[in-house]
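Protein chains in written order, with the numbering used here: chain A, 2 to 425; chain B, 2 to 425.
Virtual Cβ for every residue (Gly too), placed ideally from N, Cα, C.
Being a predicted model, the structure only gives us computed values, none of them experimental.
Have a look at the structure below before the remarks.
Number of protein chains: 2
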Amino acid sequence: MVRAEIIAIGSELVLGGVADTNSLYLAEELLKLGIEVRYKTVVGDDPKDIEAALQHALGRADVVITTGGLGPTEDDLTRKVVARVTGRRLVLHDETLQRITQQLEARHRRATAEQTTQALIPRGAKVIPNPVGTAPGFFLCFKDEGKAERALMCLPGVAMEVQHIFPEGGSVLLEALVGTAARGMLLRHRLRTFGLVESEVDARLRDLYTAERNAILGLQAGVYGVDISLTVRGRDPDSAEAVMRRMERAVRDRVWDYLYAAGDQTMEGVVALKLKAKGLTVAVAESCTGGLISQRLTSVPGSSAYFDRAVVAYSDRAKVDLLKVPEALIRAKGAVSGEVAQAMAEGVREKSGADLGLAVTGIAGPTGGTKEKPVGLVYLALADKRKAAVRSHLFSGDRDGIRCRASQAALDLLRRYLSGKAIE
Amino acid sequence: MVRAEIIAIGSELVLGGVADTNSLYLAEELLKLGIEVRYKTVVGDDPKDIEAALQHALGRADVVITTGGLGPTEDDLTRKVVARVTGRRLVLHDETLQRITQQLEARHRRATAEQTTQALIPRGAKVIPNPVGTAPGFFLCFKDEGKAERALMCLPGVAMEVQHIFPEGGSVLLEALVGTAARGMLLRHRLRTFGLVESEVDARLRDLYTAERNAILGLQAGVYGVDISLTVRGRDPDSAEAVMRRMERAVRDRVWDYLYAAGDQTMEGVVALKLKAKGLTVAVAESCTGGLISQRLTSVPGSSAYFDRAVVAYSDRAKVDLLKVPEALIRAKGAVSGEVAQAMAEGVREKSGADLGLAVTGIAGPTGGTKEKPVGLVYLALADKRKAAVRSHLFSGDRDGIRCRASQAALDLLRRYLSGKAIE
Numbered sequence: 002m003v004r005a006e007i008i009a010i011g012s013e014l015v016l017g018g019v020a021d022t023n024s025l026y027l028a029e030e031l032l033k034l035g036i037e038v039r040y041k042t043v044v045g046d047d048p049k050d051i052e053a054a055l056q057h058a059l060g061r062a063d064v065v066i067t068t069g070g071l072g073p074t075e076d077d078l079t080r081k082v083v084a085r086v087t088g089r090r091l092v093l094h095d096e097t098l099q100r101i102t103q104q105l106e107a108r109h110r111r112a113t114a115e116q117t118t119q120a121l122i123p124r125g126a127k128v129i130p131n132p133v134g135t136a137p138g139f140f141l142c143f144k145d146e147g148k149a150e151r152a153l154m155c156l157p158g159v160a161m162e163v164q165h166i167f168p169e170g171g172s173v174l175l176e177a178l179v180g181t182a183a184r185g186m187l188l189r190h191r192l193r194t195f196g197l198v199e200s201e202v203d204a205r206l207r208d209l210y211t212a213e214r215n216a217i218l219g220l221q222a223g224v225y226g227v228d229i230s231l232t233v234r235g236r237d238p239d240s241a242e243a244v245m246r247r248m249e250r251a252v253r254d255r256v257w258d259y260l261y262a263a264g265d266q267t268m269e270g271v272v273a274l275k276l277k278a279k280g281l282t283v284a285v286a287e288s289c290t291g292g293l294i295s296q297r298l299t300s301v302p303g304s305s306a307y308f309d310r311a312v313v314a315y316s317d318r319a320k321v322d323l324l325k326v327p328e329a330l331i332r333a334k335g336a337v338s339g340e341v342a343q344a345m346a347e348g349v350r351e352k353s354g355a356d357l358g359l360a361v362t363g364i365a366g367p368t369g370g371t372k373e374k375p376v377g378l379v380y381l382a383l384a385d386k387r388k389a390a391v392r393s394h395l396f397s398g399d400r401d402g403i404r405c406r407a408s409q410a411a412l413d414l415l416r417r418y419l420s421g422k423a424i425e
Numbered sequence: 002m003v004r005a006e007i008i009a010i011g012s013e014l015v016l017g018g019v020a021d022t023n024s025l026y027l028a029e030e031l032l033k034l035g036i037e038v039r040y041k042t043v044v045g046d047d048p049k050d051i052e053a054a055l056q057h058a059l060g061r062a063d064v065v066i067t068t069g070g071l072g073p074t075e076d077d078l079t080r081k082v083v084a085r086v087t088g089r090r091l092v093l094h095d096e097t098l099q100r101i102t103q104q105l106e107a108r109h110r111r112a113t114a115e116q117t118t119q120a121l122i123p124r125g126a127k128v129i130p131n132p133v134g135t136a137p138g139f140f141l142c143f144k145d146e147g148k149a150e151r152a153l154m155c156l157p158g159v160a161m162e163v164q165h166i167f168p169e170g171g172s173v174l175l176e177a178l179v180g181t182a183a184r185g186m187l188l189r190h191r192l193r194t195f196g197l198v199e200s201e202v203d204a205r206l207r208d209l210y211t212a213e214r215n216a217i218l219g220l221q222a223g224v225y226g227v228d229i230s231l232t233v234r235g236r237d238p239d240s241a242e243a244v245m246r247r248m249e250r251a252v253r254d255r256v257w258d259y260l261y262a263a264g265d266q267t268m269e270g271v272v273a274l275k276l277k278a279k280g281l282t283v284a285v286a287e288s289c290t291g292g293l294i295s296q297r298l299t300s301v302p303g304s305s306a307y308f309d310r311a312v313v314a315y316s317d318r319a320k321v322d323l324l325k326v327p328e329a330l331i332r333a334k335g336a337v338s339g340e341v342a343q344a345m346a347e348g349v350r351e352k353s354g355a356d357l358g359l360a361v362t363g364i365a366g367p368t369g370g371t372k373e374k375p376v377g378l379v380y381l382a383l384a385d386k387r388k389a390a391v392r393s394h395l396f397s398g399d400r401d402g403i404r405c406r407a408s409q410a411a412l413d414l415l416r417r418y419l420s421g422k423a424i425e
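Given below as C-alpha cells:
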C-alpha cells in the first residue's frame, strides 16, 4: 500500500490551542484512494522546523501532503521551503497571478508584493486551483537519484478550502499516481454502544484485539457512550470484507443490545427511523437537559413527521402551567423525582396529542445537590397511552457531561421501547 | 524556552478516524510550566515507526512526551521501544504489579502474562501512578555522551487517564526539570467575534500579523463565528504582557462590537452575565432551532435565575396552542415570516411573564425551501414589554450549521439588546 505522511503547518496548531482537523479529513480521502496515512506531523511557522519535517517525511513516505503556510503573510513559508528541499526554483504562475489581481481589483485594491508571492510555484509543479480562497495548492512528483519516485502535495490550511480543492483538484492527481489497483483494500466501520463504561467494553472485547492479524480495534469513549472502530487491511476486497464481517459479528455478540447504532448513525437518527417506521409521534418535556433532547430529535431532517413539540419547563411554575404537573406532587416529592418525571411525560403527551411523552428531570449541577439528591441524579420517564416507564440514573461528569448523558439515556429508553421492549 | 515534542501512538489515530486530543491538553499544561511544544507526531502501533519517531524526537526536543501504547494488548509496544531506544532494560515494578494483581483479584481473575507486562518499567524511570486505569506512566531523564540532558515521559492513551495522572504525578516531574524561571513567558488569549466571515476578519487584521515579532495571531472560523487567538512569547512576563495588551487593543479596535466574548467565554455565558446584571428574565420560542437556544441558555450554571421556560413549537398547531400565534397570521404570512417570529416572541413573553421573549422560525433544510423562502432563511424576534425587534438572515451550510448559526444570531441579538442597543 502507498504510504503517506501529512504535515500540518502553523504555529497556532502547536501553540494556539487549535486542533489539526485537516489531517482527519485527508486521511479519510486518502484511504478511498488506497493510500494509507502512516505518520502525521505538526510544526509551527519556523522555516527550519518545516524543512526538517519535510526532509524527514520525504525519507519515509511515498506521498507527503502539507497543509498551511501558503498564504500571503510572512509566516507563510511553505513554498520557499519546498523549493529549497526539492531543489527547484519558484516561478510565477501567470493564471494564478491574474486571478489574484482580478480578485483584488474587484475590491478596488492593488496587489502588494506579498500577495503576488502566492502565485509563486516550484518549477514543474502542477497547480491545484483554489476558487474559494487566494493561494492555490500545488503538486510535485520527483525522483532523486537512486531513490523511488515520491509525490508532494501542498494545500492551504483553511479547512473549508482544503475540503473544496482536494476533491476538485487534488484527489485526481494522486489517483493518477497510485492507479486504481490499490483501492478497496482498507475497510472501516464503527459500532456505537451506550450503557457500558469503556473498561467494560474493553473487557468484553479483549480477546478480539489480537484475533485477526489485519484488523485494528479501537475504542473511543465519550458522553454518548463508547464507540468501537474496526479497521481492516486486506490483500483484496473480498478477504478484507470477510474479515470485517467476522469482526463485526464477534463484536455484536459481545456488546449485544448496548449497541445502538453503526457507522455514522446517531442515537437520534436511529430513534427517528424507528418512530417513522412505526408511524408514532413523540412530545418531550425537559427540565435539567434544557432543550437538548428536543434539539437532538429535531436535528434529523424530516423530524416534523414524528416530533410535535417540546416544553422546557425549568421552573416549578412552568411545570404546572405547561404540563399540568400537580403542585402538590412537586411539594410532596420534589421537582427531581420519579413521580414528577412521570407526571411530566404524561402531561406533555396528553396536551400535545402525541403517541409518546418523554420527560427528564434531574440535577445537572454544579450546585443544587443534596445528600439525598446529589448532582448527577436524573429521572427519566416514557409514557404511552397505557402506562409509563420510569428510570433513575446517577451520572458523573460536569454539568455539560451530565446533560449529554441524560439526553442520551432518555433517547436510549425511547430506542429500547421502539425495539419492542415492553414498558414496565 | 524548553522545547517539547508530543508523540501520539495508536493506529486508530492515523487510520481509525480518531483525533489526537491529548496533545491539545498537554500543550496547554506544558505552556503553564514554561515548556513550548514545537512538534507533534502521530504514529501507528508499528514498533519500527515508533522507534523512528522517538529517535527523531529525542534528536530535536528537550522533552518528549508519548501518549498511548502502554496497555496490555500486543499492540501496546511503547515500553519495549523506549527500552531499546534508551538502552535500558525493563524491570518489574513491584508496587504496580501488586496493584494490577489486586485489581484483578477484586474481579476474581488472575493476572495473565500480558497483563503483568504493564508493570515493566525501564530501569531508572520514575513511575507515574495511574489510579484511574491499569498501566502507569513513567518518566526518564538521561544524557548521552556529548549531548544535553533530555527527558522522556510516557503516558497512557486514554484521555481521561492522561488528564488525571498528568496533573497528579506528571507535571511535578517536569516542573523539577525546568524549574520555575521559565514560567509566565508565554501568554495566550482568545477574542471571539460573530457577524463577520473569516476573510473579513482577516482583512481587518492583516497588518497586525507582522506587527509584533513575538506575537502569533491565528484565526479559527466555525459556526459560532471567527475566533482570534493571540499568543505572545516574551523574555519576561512584563514585556510579554505589554505586547499582549497592545495586540488585544489593536484587535479590539478593528473588530469592534462584533467581538462578543474573550477567553473561554461563550455567547450564552456573556448573555447570562448581562441578564443577571440587569435582573432580567427571558423565555424562548423556537421552531427551526428545535431547542438549541434553550439548551445553550441553560448550559450555564445558575441559569434558573434568568431562564423560565422554552417552547419548541415545531408544528403550526403547537404555535397556536402554546404561543397564541393567530392561525390567520400563519395562513397569511406563512410559519416562516417576520410576523410569525414577532408573534412567537410576544406570545412566549406574555404567557411566561418573563421580561423578554426571544423567538426563531426558519428553514433549516435540507428540504422545505422554495424560491421565495430558501433553505437557510431564518427570522429572529426579540420582544420586551414595549416593542419587538425582528431580523432576517440567510445562512449557508447544512442543517446543523444553519441551526447553530441561527441560535448564535438569536443570542447575539439578545446580547446587543442587553448592551444597551435600543430595539428598533
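Would you mind reading off the limits of the beta strand (DSSP E) that contains residue i?
i	result
cysteine 155 of chain A	151-156
valine 44 of chain A	36-44
glutamine 119 of chain A	Element bounds for glutamine 119 of chain A: n/a, residue is neither H nor E.
arginine 234 of chain A	226-234
threonine 67 of chain B	64-68
Cα-Cα, which of the options is closest to residue i?
i	options	result
glycine 11 of chain A	A/Val3, A/Ala5, A/Ala20	A/Ala20
leucine 189 of chain B	B/Thr102, B/Gly235, B/Val179	First, the amino acid is wrong: residue 189 of chain B is arginine here, not leucine. Looking at the Cα atoms, B/Gly235 is the closest of the given residues.
alanine 384 of chain A	A/Gly354, A/Gln409, A/Ser408	A/Gly354
leucine 220 of chain A	B/Leu187, B/Gly158, B/Gly196, B/Leu197	B/Gly158
arginine 207 of chain A	B/Gln116, B/Ala222, B/Lys352, B/Ala284	B/Gln116
isoleucine 452 of chain B	B/Lys388, B/Pro375, B/Tyr418	The question about residue 452 of chain B has no answer, for chain B in this structure spans 2 to 425.
alanine 5 of chain A	B/Ala407, B/Leu174, B/Val15, B/Ile229	B/Val15
arginine 151 of chain A	A/Thr87, A/Glu30, A/Leu330	A/Thr87
glutamine 104 of chain B	B/Leu121, B/Arg124, B/Leu91, B/Ala136	B/Ala136
glutamate 176 of chain B	B/Glu201, B/Thr194, B/Thr211, B/Phe140	B/Phe140
glycine 291 of chain A	A/Ala262, A/Thr118, A/Val391, A/Arg406	A/Arg406
Along the chain, where does the alpha helix (DSSP H) containing residue i start, and where does it finish?
i	result
glycine 348 of chain A	339-353
aspartate 356 of chain A	First-last for aspartate 356 of chain A: undefined, no H or E at that position.
arginine 416 of chain A	400-419
tyrosine 26 of chain A	23-33
threonine 102 of chain B	95-107
threonine 79 of chain A	79-87
arginine 392 of chain B	Where arginine 392 of chain B is concerned, there is no enclosing alpha helix (DSSP H), although the beta strand (DSSP E) it sits in stretches over 389-395.
Assign residue i to one of three DSSP states: helix, strand, or coil.
i	result
phenylalanine 167 of chain A	helix
histidine 57 of chain A	helix
isoleucine 331 of chain B	helix
alanine 360 of chain A	strand
alanine 384 of chain B	strand
glycine 6 of chain B	Note on residue identity: the sequence assigns glutamate, not glycine, to residue 6 of chain B. Glutamate 6 of chain B: strand per DSSP, three-state reduction.
valine 15 of chain A	helix
methionine 324 of chain A	Correcting the residue type first, residue 324 of chain A is leucine in the shown sequence and not methionine. Leucine 324 of chain A falls in the helix class under three-state DSSP.
alanine 319 of chain B	helix
leucine 174 of chain A	helix
Any chance you could list the beta strand (DSSP E) runs of at least 3 consecutive residues sitting entirely within the stretch 125-154 of chain A, in chain order? 127-129, 138-143
Which residues, in chain order, does the stretch 353-367 of chain B contribute to contact with chain A at a C-beta distance below 9 angstroms? Ser353, Gly354, Ala365, Gly366, Pro367
Taking any Cβ of chain A, which residues in the stretch 26-57 of chain B have a Cβ under 9 angstroms from it, in chain order? Ala28, Glu29, Leu32, Glu37, Val38, Arg39, Tyr40, Lys41, Thr42, Val43, Val44, Gly45, Asp46, Asp47, Asp50, Ala53, Ala54, His57
Of all the alpha helix (DSSP H) runs that stay within the bounds of the stretch 178-221 of chain A, which reach a length of 4 or more residues? 199-206
Going along the stretch 91-107 of chain B in order, which residues come within less than 9 angstroms of chain A, judged by CB to CB distance? none
Residues, ordered as in the chain, of the stretch 239-263 of chain A that lie near chain B by beta-carbon distance below 8 angstroms: none
Taking only beta carbons into account, state which residues of the stretch 209-225 of chain A come closer than 9 angstroms to chain B, listed in chain order. Tyr210, Thr211, Ile217, Leu218, Gly219, Leu220, Gln221, Ala222
Fully enclosed by the stretch 237-308 of chain B, which alpha helix (DSSP H) runs are 4 residues long or longer? 238-256, 268-279, 293-298
At a Cβ cut of 9 angstroms, what residues of the stretch 295-306 of chain A count as close to chain B, listed as they run along the chain? Ser295, Gln296, Arg297, Leu298, Thr299, Ser300, Val301, Pro302, Gly303, Ser304, Ser305
For the stretch 392-405 of chain B, list every residue whose C-beta sits within 9 angstroms of some C-beta in chain A, in sequence order. Arg400, Asp401, Arg404
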